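Scroll down for the structure; my scribbles are underneath it.
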Amino acid sequence: MKKLTLLFILLFMKTALAHDMVPTYPELRLSYMSNVLVADLELLNKRNDIEYYEISVFDETWNPVPFVTSYKIIKLEYLERIKFNVYIRSSDKNRATYICSKSRTRGNPNPSAVISSMICSKFKKDE
């Protein structure tokens, strides 16, 4: 039982040092393209064992929502920060609820990288 508790604590500590994506509540605003909205985001890698992060957009029941970004999978060195935009059709504005970044082990043979982290922000909705 003590080993299981210790393993849980170690796993929690590892994921607590995950990564950051800001803002927490990004706003969708008009883009330069008609019928397309854009959100500005920033991602920071706080994990020295992970270099890749995948971007996804979901509705309120976690179904994927179509989107476009220059960086669907982002290569990010330890403590590196990147700004990026996510574009969503105006018709999907009310459907898009969460934007998430998930650590990916692609290209990393490090066994400690088996712990994945996912950070989600919730799109700010008009009241």
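Here the sequence shown is numbered in the numbering used here, starting from 81 and rising by one per residue. Note that beta-carbon positions come from the ideal geometry of N, C-alpha and C, so glycine has one too. For clarity, every value in this text was computed on a predicted model and none was experimentally measured.
{"Asked": "Pull up the CB-CB distance for threonine 185 and glutamate 140, whole angstroms please, since I reckon it's below 8 Å.", "Found": "Threonine 185 to glutamate 140, Cβ: 28 Å. No contact."}
{"Asked": "List the endpoints of the continuous beta strand (DSSP E) containing methionine 122.", "Found": "Per the sequence shown, the amino acid found at residue 122 is glutamate instead of methionine. Looking at the DSSP string, the run of the beta strand (DSSP E) that includes glutamate 122 is 116-125."}
{"Asked": "Hey, lysine 173 and leucine 108: beta-carbon distance below 7 Å or not?", "Found": "yes"}
{"Asked": "Over the uninterrupted beta strand (DSSP E) stretch that includes serine 201, give me the two end residues.", "Found": "198-202"}
{"Asked": "Measure the CB-CB distance between arginine 175 and valine 145 and report whether it falls below 7 Å.", "Found": "yes"}
{"Asked": "Skipping 5 residues on each side, what residues in its chain have a beta carbon closer than 8 Å to that of arginine 169?", "Found": "Asn115, Val116, Leu117 and Pro146"}
{"Asked": "Out of curiosity, what's the CA-to-CA distance linking valine 137 and lysine 126?", "Found": "22 Å"}
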